[in-house]
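From first to last, the protein sequence lines are chains Y and C. Each step along the first sequence adds one to the number in my numbering, with nothing skipped, and position 35 is 338. Each step along the second sequence adds one to the number in my numbering, with nothing skipped, and position 156 is 370. Quick reminder that beta carbons are idealized off the backbone N, C-alpha and C, glycines included. Notes follow the structure.
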Amino acid sequence: MTSRRYVARSKAIAARKLGEEPMVMSATDSTLFTLDEVASVIWAAADGVTPLDEIVEKKICALYDVSPEVALKDAEALIENLAEHGLLLLSDEPLVEASVSQGETR
Amino acid sequence: MSNLGAEMAAKALKLNIPISVQLDVTYRCNERCVHCYLDHDDHGEMTTAEIRSLLDQLADAGVFYLTISGGEILMRRDFFEILEHARARTFCIKLKTNGVLIREKEARRIRELGVETIQISIYSHRPEVHDAITKMPGSLRQSINAVRFLRGQGLHVTLANVLMLENAADYKGVRALAAELGVKCTLDPTVTPMMDGDRSILKLNVDQTALREVFRNQELVGNVEEFCAPPPGVDEDALDSLPCSAGHTACYVSPYGDVYPCVQFPLPTGNVRQTKFLDIWRYSPQLNEVRSITLRDMPSCSKCAHGATCTRCPGLAYLEGNMRGPSSQDCEKSYARKGIPSENYKARHVLPQSLNSVQLVQIQGLRPAMGNIPAEAAKADVVVGA
Numbered sequence: 304m305t306s307r308r309y310v311a312r313s314k315a316i317a318a319r320k321l322g323e324e325p326m327v328m329s330a331t332d333s334t335l336f337t338l339d340e341v342a343s344v345i346w347a348a349a350d351g352v353t354p355l356d357e358i359v360e361k362k363i364c365a366l367y368d369v370s371p372e373v374a375l376k377d378a379e380a381l382i383e384n385l386a387e388h389g390l391l392l393l394s395d396e397p398l399v400e401a402s403v404s405q406g407e408t409r
Numbered sequence: 215m216s217n218l219g220a221e222m223a224a225k226a227l228k229l230n231i232p233i234s235v236q237l238d239v240t241y242r243c244n245e246r247c248v249h250c251y252l253d254h255d256d257h258g259e260m261t262t263a264e265i266r267s268l269l270d271q272l273a274d275a276g277v278f279y280l281t282i283s284g285g286e287i288l289m290r291r292d293f294f295e296i297l298e299h300a301r302a303r304t305f306c307i308k309l310k311t312n313g314v315l316i317r318e319k320e321a322r323r324i325r326e327l328g329v330e331t332i333q334i335s336i337y338s339h340r341p342e343v344h345d346a347i348t349k350m351p352g353s354l355r356q357s358i359n360a361v362r363f364l365r366g367q368g369l370h371v372t373l374a375n376v377l378m379l380e381n382a383a384d385y386k387g388v389r390a391l392a393a394e395l396g397v398k399c400t401l402d403p404t405v406t407p408m409m410d411g412d413r414s415i416l417k418l419n420v421d422q423t424a425l426r427e428v429f430r431n432q433e434l435v436g437n438v439e440e441f442c443a444p445p446p447g448v449d450e451d452a453l454d455s456l457p458c459s460a461g462h463t464a465c466y467v468s469p470y471g472d473v474y475p476c477v478q479f480p481l482p483t484g485n486v487r488q489t490k491f492l493d494i495w496r497y498s499p500q501l502n503e504v505r506s507i508t509l510r511d512m513p514s515c516s517k518c519a520h521g522a523t524c525t526r527c528p529g530l531a532y533l534e535g536n537m538r539g540p541s542s543q544d545c546e547k548s549y550a551r552k553g554i555p556s557e558n559y560k561a562r563h564v565l566p567q568s569l570n571s572v573q574l575v576q577i578q579g580l581r582p583a584m585g586n587i588p589a590e591a592a593k594a595d596v597v598v599g600a
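Okay, here's the thing in structure tokens:
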């Protein structure tokens, strides 16, 4: 069995929801990103303590007609990409202190 | 701005979201720059709690880009508390500072808090020129030290230079200094009036010759031929265009809580001490008036050949007395850039080329019979007709 992965929003980012669309900027390279629907769901759930497979199962598979295996594979690729740009932190252990606000408006 | 940045700005405009705000946390300053537009006395700055509340309101309103400026931002003892709160609300933050109070400890804290860019004012590469402008001996050395501390932390730094008579010869030196320090550099060729409307500092502005030189420097403007090409005239699309982001997707908040369309556009629209920021943003009659103005609504500029390409600042026009009128300083720049004077420019200047065609009238020995001519005019040797 592979170890569970945890994802947390990096502290070194700026983020805000523009309408329903999250915009995120990496402070490391000042690159601006917008997130599509699926990425937005993972972004919102990336609290550092909920394992990725649980996010996929409870959030993604509940919203979209997709098998957990396929969704997890896609989610893995997505989080690797976001982590490369410094937007997400990845770990095999929970990241309790790492995650910042997702930039929501109240 | 990147394509995605422009796309986001367009979306913000459509959704009436203030995506970008400048917040001045103080007008107090440790420098006394000759061209500064501020009154440095403290007339009742917002408290830490008031600023924290404002930052929460700005985040809730959808503000993404937050510029924290002054005055000198580090004159506030609670500056890092403010910055920490702003970052907790995930703004993309730019700081404007003179850097004099930034040492290694401050630079490290700024890096830890994830600030996107720090802009530092540098007016010359020569201490005798920079320090004479800031009226603070040793300020250039201290500002450069700050750049080094910040770069040492891997932060993005931009040197901001304002072109004026005192330093007109030095902008290339500042650019060389920026290259040596490994940072970006910007050049603003406009000294603006004071926020209270006092226009006396405009005498510091450079002349047409210096402006022309700047606008023909490829390093500054890119493709000179394109930048200085004759204006294409005004078409229907241009008539429907908006002047700038002020009041549309951007605004400014003063240390006293006053909300203006822009720091250069001090039209009072409300105060966050009395009214929620979002209510001011959405319902201020003044902001809604600013939003309603397109080029079509500007009697003079809509007929001007430069209308589509002019950098007309509505705030400078407002400070001249009419936010639908021309901004003479931008008329100056359009002339320097394109070589074609606007009607407003012509009305304010006697152009050198027109001297060849104008009839010079010699007036000698004015007699009392000529009417009520003031004594000073009666003594003049030459009057140049309009």
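Whole-Å CB distance - residue i paired with residue j, under 8 Å assumed
| i | j | result |
| --- | --- | --- |
| arginine 487/C | proline 513/C | About 37 Å separates the two Cβ atoms, so there is no contact after all. |
| cysteine 465/C | proline 457/C | Actually they are not in contact, since the Cβ atoms of cysteine 465/C and proline 457/C sit about 14 Å apart, beyond 8 Å. |
| valine 388/C | asparagine 375/C | 5 Å |
| alanine 226/C | leucine 321/Y | 6 Å |
| alanine 392/C | leucine 364/C | Contact flag wrong, Cβ pair sits at about 13 Å. |
Neighbouring residues, chain Y, relative to residue i (Cβ below 7 Å)
| i | result |
| --- | --- |
| isoleucine 602/C | For chain C, the structure presents residues 215 to 600; residue 602/C sits outside this window and is missing. |
| alanine 300/C | Ordered by position in chain Y, no residue passes the 7 Å Cβ test against alanine 300/C, which lies about 10 Å from the chain. |
| serine 514/C | By Cβ distance, chain Y contributes nothing, its closest Cβ being about 36 Å from serine 514/C, past 7 Å. |
| leucine 218/C | Leu335, Thr337 |
Short Cβ contact (7 Å threshold) for residue i with residue j
| i | j | result |
| --- | --- | --- |
| leucine 369/C | isoleucine 332/C | yes |
| proline 480/C | methionine 408/C | no |
| glycine 484/C | valine 473/C | yes |
| serine 541/C | alanine 531/C | yes |
| lysine 319/C | serine 283/C | no |
| lysine 349/C | arginine 246/C | yes |
| serine 357/C | isoleucine 336/C | yes |
| leucine 509/C | glycine 521/C | yes |
| valine 310/Y | isoleucine 382/Y | yes |
| alanine 374/Y | valine 352/Y | no |
| proline 444/C | lysine 552/C | yes |
| glutamate 323/Y | threonine 337/Y | no |
| tyrosine 241/C | leucine 229/C | no |
| valine 239/C | isoleucine 287/C | yes |
| leucine 335/Y | leucine 218/C | yes |
| arginine 296/C | isoleucine 265/C | At residue 296/C the sequence reads isoleucine, which differs from the arginine that was named. Yes. Within cutoff. |
| serine 329/Y | leucine 392/Y | no |
| serine 404/Y | threonine 304/C | yes |
| valine 329/C | serine 353/C | no |
| isoleucine 233/C | threonine 489/C | no |
| glycine 471/C | alanine 519/C | no |
From the options, residue whose alpha carbon lies closest to that of residue i
| i | options | result |
| --- | --- | --- |
| glutamate 164/C | Glu380/C, Ser335/C, Gln367/C | In the structure as shown, chain C starts at 215 and stops at 600, and residue 164/C therefore has no counterpart that could be examined. |
| valine 248/C | Ile231/C, Ser216/C, His344/C, Val397/C | His344/C |
| serine 401/C | Asp412/C, Gly411/C, Met378/C | Note on identity: in this sequence residue 401/C is leucine, with serine being the wrong assignment. Minimum Cα distance to leucine 401/C is reached at Met378/C. |
| glutamine 422/C | Val277/C, Ala360/C, Cys545/C | Cys545/C |
| tyrosine 279/C | Ser313/Y, Arg307/Y, Ser306/Y, Gly406/Y | Gly406/Y |
| threonine 281/C | Asn502/C, Glu298/C, Thr304/C, Gln236/C | Gln236/C |
| glycine 529/C | Leu364/C, Thr404/C, Val277/C | Thr404/C |
| cysteine 527/C | Ala519/C, Val504/C, Lys517/C | Val504/C |
| glutamate 440/C | Leu297/C, Lys417/C, Phe429/C | Phe429/C |
| aspartate 451/C | Thr463/C, Phe293/C, Phe363/C, Ser516/C | Ser516/C |
| histidine 299/C | Glu259/C, Ser267/C, Leu288/C | Ser267/C |
| serine 306/Y | Ala318/Y, Ala378/Y, Lys314/Y, Leu355/Y | Leu355/Y |
| arginine 291/C | Val277/C, Pro351/C, Met260/C, Ala302/C | Met260/C |
| cysteine 243/C | Pro232/C, Asp255/C, Ile233/C, Ser234/C | Asp255/C |
| aspartate 454/C | Ile507/C, Thr372/C, Asp412/C, Leu364/C | Ile507/C |
| arginine 340/C | Ala302/C, Arg303/C, Ala383/C | Ala383/C |
| glutamine 478/C | Asp274/C, Gln543/C, Gly258/C, Ala275/C | Gln543/C |
| leucine 366/Y | Ala386/Y, Asn384/Y, Ala349/Y, Ser343/Y | Ser343/Y |
| glutamate 433/C | Lys386/C, Gln367/C, Tyr497/C | Lys386/C |
| serine 313/Y | Leu269/C, Ser216/C, Arg301/C, Gly258/C | Arg301/C |
| threonine 331/Y | Ala386/Y, Ala349/Y, Glu396/Y, Leu398/Y | Ala386/Y |
| proline 397/Y | Glu340/Y, Ala380/Y, Glu357/Y | Glu357/Y |
Proximal chain C residues relative to residue i, where beta-carbon distance stays under 8 Å
| i | result |
| --- | --- |
| isoleucine 316/Y | Thr304, Gly328 |
Proximal residues of chain C, C-beta to C-beta of residue i below 7 Å
| i | result |
| --- | --- |
| glycine 406/Y | Thr304 |
Chain Y residues whose Cβ lies nearer than 9 Å to that of residue i
| i | result |
| --- | --- |
| methionine 222/C | Leu321, Glu324, Met326, Leu335, Thr337 |
| glycine 276/C | Arg319, Lys320, Leu321, Gly322, Thr408 |
| lysine 490/C | Neighbours of lysine 490/C on chain Y: none; closest Cβ ~13 Å, over 9 Å. |
Interface residues of chain Y facing residue i [CB-CB closer than 8 Å]
| i | result |
| --- | --- |
| serine 234/C | Residues of chain Y passing the Cβ test: none, with the nearest at roughly 11 Å. |
| alanine 226/C | Leu321 |
Cβ-heavy atom distance, residue i to the ligand MG, below 6 Å
| i | result |
| --- | --- |
| threonine 331/Y | Here there are no bound small molecules, and the ligand MG is not part of this structure. |
Positions along the region 368-400 of chain C whose CB lies within less than 9 Å of some CB in chain Y: Gly368, His370
Please identify, using Cβ separations under 7 Å, the residues of the region 329-359 of chain Y that lie next to chain C, in order along the chain. Ala330, Ser333, Leu335, Thr337
Just by C-beta distance, which residues in the region 518-539 of chain C are closer than 7 Å to chain Y? none
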